[in-house]
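Enquirer:
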Amino acid sequence: MKKIALAIALAFAAGAASTAQAQEKSIRISGFGAKSGVVRSFGINGEAAMLAAADQINKAGGVKLADGSKARIVVDYYDDRCTAEEGISVIRRIAGTDSLVAVGPTCSNVAEPLFGILQKKVDDKGDSGLQMPVFTDVAIKVGLARISEWAFRNVPNEMTMYSSVFYWLRGKHPQAKTVYGGVEEDFAHSRATWHVVMKDRATANNYTLLGESKWLLNDTNFATQVREMKKANADVVAISAHPFTTCGVLKEMQRQGVKPKVLIGLTSSSSMETMQGCAKQAEGMIIPTSYAPVNKEAKAASDATAKFKGSADLHSMAAWENMFILKSVMEDMKISGAKAEVQADRRKIRDGLAKLRTTPGLLGVNSRTEDREADKPYLFVQAKGGQWVVIHNPL
Amino acid sequence: MDFYFGLAQLIGVHTLLGLSAYVVLLTGQVSLAQAGFFAIGAYVAAMLTVLAGWHLVPALGAAALTGATTACAVGFPALRVKGLMLVIATLAFGEGVRLFFFNFDYQIARGDVKVGPLGGEGFRQIRFFPENGWTTLEVMLFIWIFVLLVMALLWWLDRSRYGAVLRAVGEDELAAQSAGINLTAVKVSAITLGGAIAALGGGLYAHYATHIEHLSFGILLATFAIAYPIVGGLASVFGTLAAVLFVQGFLVEGLRDLGDWRNLLFGALIVLAMNLRPRGFLDAGNLRAIKRLFWGGGRGAP
Numbered sequence: 021m022k023k024i025a026l027a028i029a030l031a032f033a034a035g036a037a038s039t040a041q042a043q044e045k046s047i048r049i050s051g052f053g054a055k056s057g058v059v060r061s062f063g064i065n066g067e068a069a070m071l072a073a074a075d076q077i078n079k080a081g082g083v084k085l086a087d088g089s090k091a092r093i094v095v096d097y098y099d100d101r102c103t104a105e106e107g108i109s110v111i112r113r114i115a116g117t118d119s120l121v122a123v124g125p126t127c128s129n130v131a132e133p134l135f136g137i138l139q140k141k142v143d144d145k146g147d148s149g150l151q152m153p154v155f156t157d158v159a160i161k162v163g164l165a166r167i168s169e170w171a172f173r174n175v176p177n178e179m180t181m182y183s184s185v186f187y188w189l190r191g192k193h194p195q196a197k198t199v200y201g202g203v204e205e206d207f208a209h210s211r212a213t214w215h216v217v218m219k220d221r222a223t224a225n226n227y228t229l230l231g232e233s234k235w236l237l238n239d240t241n242f243a244t245q246v247r248e249m250k251k252a253n254a255d256v257v258a259i260s261a262h263p264f265t266t267c268g269v270l271k272e273m274q275r276q277g278v279k280p281k282v283l284i285g286l287t288s289s290s291s292m293e294t295m296q297g298c299a300k301q302a303e304g305m306i307i308p309t310s311y312a313p314v315n316k317e318a319k320a321a322s323d324a325t326a327k328f329k330g331s332a333d334l335h336s337m338a339a340w341e342n343m344f345i346l347k348s349v350m351e352d353m354k355i356s357g358a359k360a361e362v363q364a365d366r367r368k369i370r371d372g373l374a375k376l377r378t379t380p381g382l383l384g385v386n387s388r389t390e391d392r393e394a395d396k397p398y399l400f401v402q403a404k405g406g407q408w409v410v411i412h413n414p415l
Numbered sequence: 194m195d196f197y198f199g200l201a202q203l204i205g206v207h208t209l210l211g212l213s214a215y216v217v218l219l220t221g222q223v224s225l226a227q228a229g230f231f232a233i234g235a236y237v238a239a240m241l242t243v244l245a246g247w248h249l250v251p252a253l254g255a256a257a258l259t260g261a262t263t264a265c266a267v268g269f270p271a272l273r274v275k276g277l278m279l280v281i282a283t284l285a286f287g288e289g290v291r292l293f294f295f296n297f298d299y300q301i302a303r304g305d306v307k308v309g310p311l312g313g314e315g316f317r318q319i320r321f322f323p324e325n326g327w328t329t330l331e332v333m334l335f336i337w338i339f340v341l342l343v344m345a346l347l348w349w350l351d352r353s354r355y356g357a358v359l360r361a362v363g364e365d366e367l368a369a370q371s372a373g374i375n376l377t378a379v380k381v382s383a384i385t386l387g388g389a390i391a392a393l394g395g396g397l398y399a400h401y402a403t404h405i406e407h408l409s410f411g412i413l414l415a416t417f418a419i420a421y422p423i424v425g426g427l428a429s430v431f432g433t434l435a436a437v438l439f440v441q442g443f444l445v446e447g448l449r450d451l452g453d454w455r456n457l458l459f460g461a462l463i464v465l466a467m468n469l470r471p472r473g474f475l476d477a478g479n480l481r482a483i484k485r486l487f488w489g490g491g492r493g494a495p
């Protein structure tokens, strides 16, 4: 009889515990990006970083709500396959859930239409655009957040970074005077970075531009482009391309014996994918990046992300930072976390993000600009022996 | 609900794309140029609303007219060749159009910003719907009015003498020619009509997406265009709609949560569907069965 009573008591206790767990408050943050296709690693790493950050926040008690209670963060992640159509569907789907804010997308060609369907100006009654805060971690093409006042980005400022790179090169390699560019022409980020940023910054620092070679994201043969590059015989070769074609070009450069004095890469290529694809050929390549495991916090973030099967780079660590920034904003703006007040909470988060002038980052303090962009600390890394090694801190 | 209305918008746009290929397929011609006409419609309609300040309806009319004119001009030389040669010729046209827009810059100053197509960076801020306060439901209804009009037109054409001529050419060119049918006129008219429908779909797509670029109009889109009527079946316009619902509603959206498995399943399910339904989802037998179910009897099936 005692055994039966004990079993019943245990069953009640278990039931009570599960009820308490079910009643535990939660708030949803949705990530989205490319988890398939050529740039799938960005989505996979971004999701891992978001999950790792949420795990750490939840272990520390979660997010404090307006009524003083705590809520744990729930993260879900959607694959947009780096296509505009799917990105739009995904953000509409997220907006239809109780998710308070979206973190993404990966690709700039998705960010542009996606920001376009958001309301352009807050409180514009005549604009029926979607009212959902989006806090971008990866899509890095210059100046996208100005498309909508609901769009925010925590991506590095490439204009500042490459300006600094070319300025630094003048002192470090005074004999280098000419530049040749290689650009992955059909990808919004790489194209804009070459045509708007690298080219402009190189000439502003008194480099002579000798020409440019173009290829496409899905190209696998770069013989002609590298032949043009070889013919130009420039001191500096700047490659504005993602890891897949960067490696293809570097291997072709090795085959044709093209050895510039200085090799510069695209921010997005300062990742493990480049090392896994062509560590030997990338040896010596210099890239400015907003992440490197140079301090305790940055290393811890990298380790935590690795536990969720992701690797740390400038993009995934922006997703990590976003989660902590959002926690802080949600607490400062006193969101209710109630399912019935999702839209009001979204608005509070948007207003909170708009107010920010600085945010904590893994490499130091990030500045926020009036047009909702970030100005992040950065370092120069160089490929050495299969690793990205910090060679210069310009700040 | 907004998500479902948004999805219905996309399904509507893809249905128009599929129907544009359906008309051409009725004559037995496989055209991969539909993505090119779709791109032309997208850029023309977007330029007229954003740069010229037109209302969307006349802009769509102009887009459809441009698409039809281009298709007619392309149709004469392209339809001189048949089979695989035609596939290559139309593919080359589609790629040509894509590369044209890849290099097409035409921007004007609007206040402190420049608007208009900017080559590889695309054409942003095509915000006719949100700027005019249209809700997602209203946009969906607007798109579907066009879809239903086009479906009704094609359904009616299919039952007219012209429809019979199209199918006759598709079934056996030699027999059709022997019966006095002008093959060139029939084929060119079909591709012209297809061009107009594709351009109309493109115009709607540009305003659905708010941003267009050359990458959106590549070989993948051309493949989808031709796949919809083939997977859906050529017996009726409803086959194309069924295929779009299957691909966009189920394969793309329904399986999104499967992550990497989605891509694998996508191809496998298409192959499976074509094996199970080699004549498409809606063949003549299905249509007869549906008619019997709703109206009784079995007469009058195409």
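Protein chains in written order, with the numbering used here: chain S, 21 to 415; chain L, 194 to 495.
Idealized CB from N, CA, C, for every residue including glycine.
#1: With H, G and I counted as helix, E and B as strand and the rest as coil, what does DSSP make of ALA122(S)?
#2: Taking only three categories from DSSP, how would you classify THR294(S)?
#3: Taking all protein chains shown into account, do 16 or more other C-beta atoms lie within 10 angstroms of the C-beta of TRP235(S), making it buried, or fewer, making it exposed?
#4: Any beta carbon of chain S sitting closer than 9 Å to that of GLU364(L)?
#5: Show which residues of chain L have a CB atom less than 7 Å away from the CB atom of SER109(S).
#6: Using 8 Å for Cβ pairs, my map puts VAL174(S) next to ASN386(S). What's the rounded Cβ distance?
#7: Tell me, which residues are paired with LYS404(S) by DSSP?
#8: Enumerate in chain order the residues of its own chain whose CB-to-CB distance from GLY430(L) is below 6 Å, with the five nearest sequence positions on each side excluded.
#9: DSSP beta-bridge partners for LYS84(S)?
#10: Keeping to the same chain, check which residues put their C-beta closer than 7 Å to that of PHE322(L); ignore five residues upstream and five downstream.
#11: Taking Cβ positions only, does ALA261(S) come closer than 9 Å to chain L?
#12: Under 8 Å between beta-carbons, which chain S residues line up against GLN318(L)? List them in chain order, please.
#13: Does DSSP put SER233(S) in a helix, in a strand, or in coil?
#14: Shorter than 9 Å from the beta carbon of PRO323(L) to some beta carbon of chain S?
#15: Provide the residue span of the beta strand (DSSP E) that contains THR379(S), from first to last.
#16: What residue range is occupied by the uninterrupted alpha helix (DSSP H) comprising SER348(S)?
#17: Does DSSP classify VAL282(S) as helix, strand or coil?
#18: Comparing alpha-carbon positions, which option in VAL282(S), HIS209(S), ASP239(S), PRO125(S) lies nearest LYS197(S)?
#19: Starting from PHE231(L), trace the alpha helix (DSSP H) in both directions and tell me its first and last residue.
#20: Tell me whether the stretch 189-208 of chain S and the stretch 230-247 of chain S touch, counting them as touching only if at least three CB pairs, one residue from each stretch, are closer than 8 Å.
#21: Based on Cα-Cα distance, which residue from THR228(S), ILE411(S), LYS140(S) lies nearest to ALA165(S)?
#22: Of all the CB atoms in chain L, is at least one closer than 9 Å to the CB of ASP365(S)?
#23: Can you list, in chain order, the stretches of the alpha helix (DSSP H) that have 4 or more residues and sit fully within the stretch 241-279 of chain S?
#24: Mind listing the chain S neighbours of ASP195(L)? Cutoff is C-beta to C-beta under 7 Å, in chain order.
#25: Near VAL290(L), what residues of its chain come up, given a Cβ to Cβ distance below 6 Å and the 5 sequence neighbours on each side ignored?
#26: Which one or two residues does DSSP pair with LYS307(L) in a beta bridge?
#27: Within 10 angstroms of its Cβ, does TYR299(L) collect 16 or more other Cβ (buried), or is it exposed?
#28: Roughly how many whole angstroms lie between the Cα atoms of ARG113(S) and PHE52(S)?
#29: On the premise that SER290(S) lies in contact with VAL401(S), defined as a C-beta separation below 8 Å, what is that separation, rounded to the nearest angstrom?
#30: Give the straight-line distance between the Cα atoms of MET278(L) and SER331(S), rounded to the nearest whole angstrom.
#31: Does any residue of chain S bring its CB to less than 9 Å from the CB of ASN456(L)?
#32: Does the beta carbon of GLU359(S) sit closer than 9 Å to a beta carbon anywhere in chain L?
#33: Is there a Cβ of chain L sitting closer than 9 Å to that of GLU471(S), yes or no?
#34: In chain L, what lies closer than 9 Å to GLU205(S) by C-beta?
#35: With 9 Å set as the bound, which would you pick, yes or no: does the beta-carbon of LEU150(S) sit closer than that to a beta-carbon of chain L?
#36: Considering only the alpha carbon of each residue, which of LEU376(S), GLY384(S), PRO397(S) lies closest to PHE172(S)?
Expert: In this structure, then:
#1: Indexing the first sequence from 1 puts residue 122(S) at position 102. DSSP places ALA122(S) in strand when its eight states are reduced to three.
#2: Along the first sequence, one-based indexing puts residue 294(S) at 274. Here THR294(S) sits in helix by DSSP.
#3: Along the first sequence, read from residue 1 onward, the residue named residue 235(S) stands at position 215. Buried is the call here.
#4: As a first step, residue 364(L) is located in the second sequence; it is residue number 171 there, counting from the start. No, GLU364(L) lies away from the interface with chain S (no Cβ there is under 9 Å from its Cβ).
#5: As a working mapping, residue 109(S) is identified with position 89 in the first sequence. In chain order: GLY199, LEU200, LEU203, GLU446.
#6: As a position in the first sequence, residue 174(S) is number 154, starting the count at 1. As a position in the first sequence, residue 386(S) is number 366, starting the count at 1. Per the sequence shown, residue 174(S) should be read as Asn rather than Val. With a Cβ gap of about 7 Å, ASN174(S) and ASN386(S) count as contacting.
#7: Counting from 1 along the first sequence, the entry for residue 404(S) is found at position 384. Looking at the DSSP assignment, LYS404(S) forms a beta bridge with GLN407(S).
#8: The residue given as residue 430(L) occupies position 237 in the second sequence. Per the sequence presented here, residue 430(L) reads as Val, with Gly not at that position. The residues are MET344, LEU347, TRP348.
#9: The residue labelled residue 84(S) in the question sits at position 64 within the first sequence. Answer is LYS90(S).
#10: The residue labelled residue 322(L) in the question sits at position 129 within the second sequence. Closer than 7 Å at Cβ, skipping near neighbours: VAL332, HIS400.
#11: Taking the first sequence and counting its residues from 1, the one referred to as residue 261(S) is at position 241. Cβ-Cβ to chain L under 9 Å: no for ALA261(S).
#12: Translated into positions along the second sequence, residue 318(L) becomes position 125. Ordered by position in chain S, the residues that pass the 8 Å Cβ test against GLN318(L) are GLY136, ILE167.
#13: Counting from one through the first sequence, the residue named residue 233(S) turns up at place 213. Three-state DSSP puts SER233(S) in a strand.
#14: Position 130 of the second sequence, counted from the start, is the residue given in the question as residue 323(L). Interface residue, yes.
#15: If you number the first sequence from 1, residue 379(S) lands on position 359. It spans 378-381 - the beta strand (DSSP E) in which THR379(S) sits, taken as one unbroken run.
#16: Residue mapping note: residue 348(S) aligns to position 328 of the first sequence, counting from 1. Element bounds for SER348(S): 336-352.
#17: As a working note, residue 282(S) is residue 262 in the first sequence. Strand, per DSSP.
#18: In the first sequence, counting from the first residue as 1, residue 197(S) sits at position 177. Nearest C-alpha to LYS197(S): VAL282(S).
#19: As a first step, residue 231(L) is located in the second sequence; it is residue number 38 there, counting from the start. First-last of the alpha helix (DSSP H) with PHE231(L): 227-243.
#20: yes
#21: Against the first sequence, residue 165(S) aligns to sequence position 145. Looking at the Cα atoms, LYS140(S) is the closest of the given residues.
#22: Along the first sequence, read from residue 1 onward, the residue named residue 365(S) stands at position 345. Closer than 9 Å: no.
#23: 243-252, 263-276
#24: Position 2 of the second sequence, counted from the first residue, corresponds to residue 195(L). Residues of chain S passing the Cβ test: ARG112, ALA115, GLY116.
#25: Within the second sequence, residue 290(L) is the residue found at index 97, counting from 1. Result list for VAL290(L): GLY229, ALA232, in chain order.
#26: Locating residue 307(L) in the second sequence gives position 114, where the first residue counts as 1. Answer is ALA302(L).
#27: As a first step, residue 299(L) must be located in the second sequence, where it is residue number 106. Its Cβ having fewer than 16 others within 10 Å, TYR299(L) is exposed.
#28: Here the question's residue 113(S) lines up with position 93 in the first sequence. Here the question's residue 52(S) lines up with position 32 in the first sequence. Computed Cα separation, rounded: 11 Å.
#29: Here residue 401(S) refers to the residue found at position 381 of the first sequence. Here residue 290(S) refers to the residue found at position 270 of the first sequence. With 8 Å as the limit, VAL401(S) and SER290(S) qualify as a contact, their Cβ atoms being about 6 Å apart.
#30: Reading the second sequence from its first residue, position 85 is the one you call residue 278(L). Reading the first sequence from its first residue, position 311 is the one you call residue 331(S). Going from the Cα of MET278(L) to the Cα of SER331(S) covers about 47 Å.
#31: Within the second sequence, the letter at position 263 stands for residue 456(L). Yes, contact with chain S.
#32: Mapped onto the first sequence, residue 359(S) falls at position 339. The sequence as given places Lys at residue 359(S); Glu does not occur at that position. So no, LYS359(S) is outside the interface.
#33: Outside the shown range of chain S, which is 21 to 415, sits residue 471(S), and nothing can be said about it.
#34: Position 185 of the first sequence, counting from 1, holds the residue named residue 205(S). Here the neighbours are PHE295, GLY313.
#35: The residue labelled residue 150(S) in the question sits at position 130 within the first sequence. Yes, LEU150(S) counts as interfacial toward chain L.
#36: Taking the first residue of the first sequence as position 1, residue 172(S) is located at position 152. Selected option, being the one with the closest Cα: LEU376(S).
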